[in-house]
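**Student:**
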Amino acid sequence: MSATMHYTYTLTGTEATTGYFSCEPPRGLSFAGGLAWLEEHPADDFMHLWLLRRLATFEQKKIRTMITRECAGRPVLEALLYELCLLTPRFAALRERFAPGAPTRLSACTPLPYIKWSLQPDSGLHARWTELFRANMHDHRMLPHPDDEELPPLFDLGSVSALWLPRNTVPVADLRQQVADRPRDTGWRRPPAQETAMLALERLVEHDVIGGVEMRHVASLSPIALLRQWRLDTGIQAGRNNHTLCGLATTYGRGLSLADARVSYAMEMVERASSYASVSVQDGVLQVTGRACRTPVTVARLSELRARGIEAVDPADFPLEAPYQDEPLHWMEGRSPRPDGEVTVLVPVQMVFLFCNLDEVSLYTAPGSTGLASGNIPEEAKVAALTEIIERDAEATMPYSWQRCFTLTTEDPALKMLLDDYAARGVHLQFQDITTDFGVPCYKAFVTGRDGTVTRATGAGLDGRRAIVSCLTETPYPYPDSPPSAPAPSHIPVRRLEELPDMSMGNVHDNLALLEAMFTANGRTPVYVDITRDDLGFPVVRALVPGMELTADFTPFTRINPRLYRRYLDMFR
Numbered sequence: 001m002s003a004t005m006h007y008t009y010t011l012t013g014t015e016a017t018t019g020y021f022s023c024e025p026p027r028g029l030s031f032a033g034g035l036a037w038l039e040e041h042p043a044d045d046f047m048h049l050w051l052l053r054r055l056a057t058f059e060q061k062k063i064r065t066m067i068t069r070e071c072a073g074r075p076v077l078e079a080l081l082y083e084l085c086l087l088t089p090r091f092a093a094l095r096e097r098f099a100p101g102a103p104t105r106l107s108a109c110t111p112l113p114y115i116k117w118s119l120q121p122d123s124g125l126h127a128r129w130t131e132l133f134r135a136n137m138h139d140h141r142m143l144p145h146p147d148d149e150e151l152p153p154l155f156d157l158g159s160v161s162a163l164w165l166p167r168n169t170v171p172v173a174d175l176r177q178q179v180a181d182r183p184r185d186t187g188w189r190r191p192p193a194q195e196t197a198m199l200a201l202e203r204l205v206e207h208d209v210i211g212g213v214e215m216r217h218v219a220s221l222s223p224i225a226l227l228r229q230w231r232l233d234t235g236i237q238a239g240r241n242n243h244t245l246c247g248l249a250t251t252y253g254r255g256l257s258l259a260d261a262r263v264s265y266a267m268e269m270v271e272r273a274s275s276y277a278s279v280s281v282q283d284g285v286l287q288v289t290g291r292a293c294r295t296p297v298t299v300a301r302l303s304e305l306r307a308r309g310i311e312a313v314d315p316a317d318f319p320l321e322a323p324y325q326d327e328p329l330h331w332m333e334g335r336s337p338r339p340d341g342e343v344t345v346l347v348p349v350q351m352v353f354l355f356c357n358l359d360e361v362s363l364y365t366a367p368g369s370t371g372l373a374s375g376n377i378p379e380e381a382k383v384a385a386l387t388e389i390i391e392r393d394a395e396a397t398m399p400y401s402w403q404r405c406f407t408l409t410t411e412d413p414a415l416k417m418l419l420d421d422y423a424a425r426g427v428h429l430q431f432q433d434i435t436t437d438f439g440v441p442c443y444k445a446f447v448t449g450r451d452g453t454v455t456r457a458t459g460a461g462l463d464g465r466r467a468i469v470s471c472l473t474e475t476p477y478p479y480p481d482s483p484p485s486a487p488a489p490s491h492i493p494v495r496r497l498e499e500l501p502d503m504s505m506g507n508v509h510d511n512l513a514l515l516e517a518m519f520t521a522n523g524r525t526p527v528y529v530d531i532t533r534d535d536l537g538f539p540v541v542r543a544l545v546p547g548m549e550l551t552a553d554f555t556p557f558t559r560i561n562p563r564l565y566r567r568y569l570d571m572f573r
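Mapping to the UniProt record's numbering: the sequence shown position 441 is 441, numbers consecutive.
#1: If you draw a straight line from the C-alpha of Leu84 to the C-alpha of Pro25, how long is it?
#2: Between which two residues does the beta strand (DSSP E) holding Glu304 run?
#3: Assign Asp433 to one of three DSSP states: helix, strand, or coil.
#4: Going by other Cβ atoms of all chains shown within 10 Å of its Cβ, with 16 needed for buried, is Gln350 buried or exposed?
#5: Counting along the chain, where does the alpha helix (DSSP H) carrying Ala56 start and finish?
#6: Does the contact criterion of 3 or more C-beta pairs under 8 Å hold for the stretch 350-369 versus the stretch 272-279?
#7: Per the DSSP calculation, Arg495 is bridged to which residue(s)?
#8: With DSSP run on the structure shown, which of helix, strand or coil describes Met332?
#9: Below 8 Å on the Cβ atoms is my contact criterion, and I expect Thr186 with His509 to pass it. Report the Cβ-Cβ distance as a whole number of Å.
#10: Could you tell me whether the Cβ atoms of Cys442 and Ala457 are closer together than 8 Å?
#11: Put Asn136 into one of helix, strand or coil per three-state DSSP.
#12: Using a 10 Å radius around the Cβ and a threshold of 16 neighbouring Cβ atoms, would you call Leu562 buried or exposed?
#13: Would you tell me roughly how many angstroms separate the C-alpha atoms of Met269 and Ala259, rounded to the nearest one?
#14: Identify the continuous beta strand (DSSP E) that holds Pro348 and give its terminal residues.
#15: Closest to Ile368 by CA distance: which of Gly13, Arg466, Tyr20 is it?
#16: If Leu87 and Leu52 are in contact, beta carbons under 8 Å, what's the gap, nearest whole angstrom?
#17: Rounded to whole angstroms, what's the CA-CA distance from Gln194 to Arg254? Just pull it up for me.
#18: Out of curiosity, what's the CA-to-CA distance linking Asp502 and Ala384?
#19: Is the number of C-beta pairs between the stretch 421-441 and the stretch 166-173 that are closer than 8 Å three or more?
#20: By DSSP, does Leu354 sit in helix, in strand, or in coil?
#21: What number of angstroms, rounded off, separates the C-alpha of residue 575 from the C-alpha of Gly341?
#22: Could you please give the first and the last residue of the uninterrupted beta strand (DSSP E) stretch that includes Phe446?
#23: Output the boundary residues of the beta strand (DSSP E) element that contains Gly247.
#24: Using the rule of at least 16 other Cβ atoms within 10 Å of the residue's Cβ for burial, across every protein chain shown, is Arg291 buried or exposed?
#25: Nearest by alpha-carbon distance to residue 602: which of Glu311, Asp139, Thr397, Glu388 is it?
#26: Do Pro75 and Glu360 come within 8 Å of each other at the CB atom, strictly closer than that value?
#27: Could you say if the stretch 479-486 and the stretch 396-414 meet the contact criterion of at least three C-beta pairs nearer than 8 Å?
#28: Asp45: buried (16+ other C-beta within 10 angstroms of its C-beta) or exposed?
#29: Please report the Cβ distance between Asp208 and Arg231, rounded to the nearest whole angstrom; I am assuming they are in contact, meaning their Cβ atoms lie under 8 Å.
#30: From which residue to which residue does the alpha helix (DSSP H) around Gln178 run?
#31: Name the two residues that bound the continuous beta strand (DSSP E) containing Ser482.
#32: Check whether the stretch 243-257 touches the stretch 212-232, taking contact to mean three or more Cβ pairs, one atom from each stretch, closer than 8 Å.
#33: When the Cα atoms are used, what is the spatial distance from Arg182 to Leu163?
#34: With DSSP as the reference, identify every bridge partner of Phe21, one or two as the case may be.
#35: Pairing CB atoms from the stretch 368-382 with CB atoms from the stretch 536-549, are three or more of them under 8 Å?
#36: If we ignore side chains and look at the alpha-carbon of each, how far apart do Phe31 and Gly334 end up?
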């Protein structure tokens, strides 16, 4: 077997313009060959997940035989089989064939957090509440009254830390004057969309990132929607892991004009092309390669970094599905704004990059892209990153309630024409105000199909008008070939676009200062990691904000956020 494993980045499915990918080893690799590789490289997530997918196709009799006869002295295989029984309902009964105490022992024999998740005494309770909240927030089913629900309470809210359940939130509106008194405006203004798109596409073509032609699509409510493929090519040579990852991915652009849609996909391509890392030893130092700034990587436990007086992000301050147990991780430098200037803070590399398959435990079952953003200048990228974190947190912690829903009207000619055209085609677009206690405008746009299926998207921003247009264009309901939808309830109010709140400061530098002030006032000072490539030139950052939710997927392994649970209880008070 080659000393390097070559994986292909493979599209496995698309749902609502979101692609789902797997990393596939070379064709022809047998299960036995893959298992042999994994036993030599036990923290290779890509191979681990591929073997789990292969095992899921086996007959139950074969799995039973493997559990009873083939696991002796092979902890990697035994952990795989136990995970299979956790993840696959048709094998669930086979968990009883593992020895008592096996899950605790096997949790240290896999890089994935599934077994550690199952060992938490309340994991089953969270899974049952997750089903209720998913039905409410994805499918708009009504939540049961707390007195009627047979499930035990999730939390003693009085004992939850302030990071996860703030007692007194400082809203963004309370800080606007403070920022206005210390303006940071440099006079920079965003260039025209067509100018940014042209420059980005020129650089992407020059460096062989673009992998296909620009195409139209009609899978969203955006009047103009484009897509284009790009090439992914990375490699990891660090610790025991040694592999490459190559393939094609797709970025999407949407907007009310062709220029807006084109700059949307071009800058998303810059962002995504920057968010996959190659890591190897260069000049005697382990580092992320191909970056505009030198990016060394340190391997250590969090406790070791703290013992050396090094400030580092604590993974426990982020929404993990299973607890971080001070295992060794790969760390890179980030920067965090403080009253006396920025300070260096180490951040786990896997919390920064996508599909980051390093020789270490995985903190997430499915790390996402929340907090990744590109921009013309670093400040613009940071504002976009923080705004996305606010959006995703709101989406994950605000229950669906028709009392917060409305339809939209406007005097803007272009948008009014679009809304009228939806109505003429029988598409009844609704919105929910999901603005949280932080006060940054957040909205969910949705269309309910005649079969009850809810198609939705979210948007956030200091300017509520821009936020609501963003979620409108992102909504993955076909247009212009739109099937008629279910009507909107007649009792929900109509809101005017022009009356939506606008908290923006008028320029990107002051907008950034306002968002940073809001997070800091609420004990959530952000950390930024600069991941700008050395060839593309456009600034790209990953922002991390403690205590904020990163996904609203509500998988079987989700840990319910205390703020979501509190808001659920508040609905019935």
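Beta carbons: idealized from backbone N, C-alpha and C, even for Gly.
Because the structure is a prediction, the values reported are computed rather than measured.
**Tutor:** Taking the coordinates as given:
#1: Taking the first residue of the sequence shown as position 1, residue 84 is located at position 84. Taking the first residue of the sequence shown as position 1, residue 25 is located at position 25. Spanning the two alpha carbons is a distance of roughly 19 Å.
#2: As a first step, residue 304 is located in the sequence shown; it is residue number 304 there, counting from the start. Unbroken run through Glu304 is the alpha helix (DSSP H), 302-307; no beta strand (DSSP E).
#3: What you label residue 433 is simply residue 433 of the sequence shown in a count that begins at 1. Here Asp433 sits in strand by DSSP.
#4: Looking up residue 350 in the sequence shown gives position 350. Its Cβ being crowded by 16 or more others within 10 Å, Gln350 is buried.
#5: If you number the sequence shown from 1, residue 56 lands on position 56. From DSSP, Ala56 is part of no alpha helix (DSSP H); its letter is neither H nor E.
#6: Contact between the stretch 350-369 and the stretch 272-279 is present, because at least three Cβ pairs lie under 8 Å.
#7: Reading the sequence shown from its first residue, position 495 is the one you call residue 495. Beta-bridge pairing links Arg495 to Leu408.
#8: Start at 1 with the first residue of the sequence shown, and residue 332 comes out as number 332. Here Met332 sits in strand by DSSP.
#9: Residue mapping note: residue 186 aligns to position 186 of the sequence shown, counting from 1. Residue mapping note: residue 509 aligns to position 509 of the sequence shown, counting from 1. With a Cβ gap of about 6 Å, Thr186 and His509 count as contacting.
#10: Looking up residue 442 in the sequence shown gives position 442. Looking up residue 457 in the sequence shown gives position 457. Not a contact, by the Cβ cut-off of 8 Å.
#11: Here residue 136 corresponds to residue number 136 of the sequence shown, with the count starting at 1. Of the three classes helix, strand and coil, the one that applies to Asn136 here is helix, per DSSP.
#12: In the sequence shown, the residue the question calls residue 562 occupies position 562. Per the sequence presented here, residue 562 reads as Pro, with Leu not at that position. Classification for Pro562: buried.
#13: On the sequence shown, residue 269 is found 269 positions in, with the first residue counted as 1. On the sequence shown, residue 259 is found 259 positions in, with the first residue counted as 1. The alpha-carbon atoms of Met269 and Ala259 are separated by roughly 15 Å.
#14: For the purposes of this step, residue 348 is identified with residue 348 of the sequence shown, where counting begins at 1. Element bounds for Pro348: 341-348.
#15: Here residue 368 is taken as the residue at index 368 of the sequence shown, counted from 1. For clarity, residue 368 is Gly in the given sequence; the question names Ile instead. It is Tyr20.
#16: Locating residue 87 in the sequence shown gives position 87, counting from the first residue. Locating residue 52 in the sequence shown gives position 52, counting from the first residue. 7 Å between Cβ atoms; contact.
#17: Counting from one through the sequence shown, the residue named residue 194 turns up at place 194. Counting from one through the sequence shown, the residue named residue 254 turns up at place 254. When rounded, the distance between both Cα atoms is 14 Å.
#18: By one-based count along the sequence shown, residue 502 stands at place 502. By one-based count along the sequence shown, residue 384 stands at place 384. In this structure, the alpha-carbon of Asp502 lies about 16 Å from that of Ala384.
#19: yes
#20: Position 354 of the sequence shown, counted from the start, is the residue given in the question as residue 354. Here Leu354 sits in coil by DSSP.
#21: The structure shown does not extend to residue 575, since the chain spans only 1 to 573, so no value can be given for it.
#22: Counting from 1 along the sequence shown, the entry for residue 446 is found at position 446. Its beta strand (DSSP E) spans residues 442-448.
#23: The count along the sequence shown starts at 1 and reaches residue 247 at position 247. According to the DSSP assignment, Gly247 belongs to the beta strand (DSSP E) that extends over 241-255.
#24: Taking the sequence shown and counting its residues from 1, one reaches residue 291 at position 291. Its Cβ being crowded by 16 or more others within 10 Å, Arg291 is buried.
#25: With the chain represented from 1 up to 573, any question about residue 602 goes unanswered, as that position is not in the structure.
#26: Position 360 of the sequence shown, counted from the start, is the residue given in the question as residue 360. Position 75 of the sequence shown, counted from the start, is the residue given in the question as residue 75. Cβ distance not < 8 Å, so Glu360 and Pro75 don't count as in contact.
#27: no
#28: Within the sequence shown, the letter at position 45 stands for residue 45. Asp45 should be labelled buried.
#29: In the sequence shown, residue 208 corresponds to position 208, counting from 1. In the sequence shown, residue 231 corresponds to position 231, counting from 1. About 7 Å separates the two Cβ atoms, so the contact holds.
#30: In the sequence shown, the residue the question calls residue 178 occupies position 178. Where Gln178 is concerned, the enclosing alpha helix (DSSP H) stretches over 176-180.
#31: In the sequence shown, the residue the question calls residue 482 occupies position 482. Where Ser482 is concerned, there is no enclosing beta strand (DSSP E), given that its DSSP letter is neither H nor E.
#32: Yes: the two stretches touch, three or more of their Cβ pairs being nearer than 8 Å.
#33: Taking the first residue of the sequence shown as position 1, residue 182 is located at position 182. Taking the first residue of the sequence shown as position 1, residue 163 is located at position 163. When rounded, the distance between both Cα atoms is 28 Å.
#34: Along the sequence shown, one-based indexing puts residue 21 at 21. Phe21 is bridged to Leu11.
#35: Touching, yes, given that three or more Cβ pairs across the two stretches are closer than 8 Å.
#36: Residue 31 sits at position 31 when you count from the first residue of the sequence shown. Residue 334 sits at position 334 when you count from the first residue of the sequence shown. Rounded to the nearest angstrom, the two C-alpha atoms are 40 Å apart.
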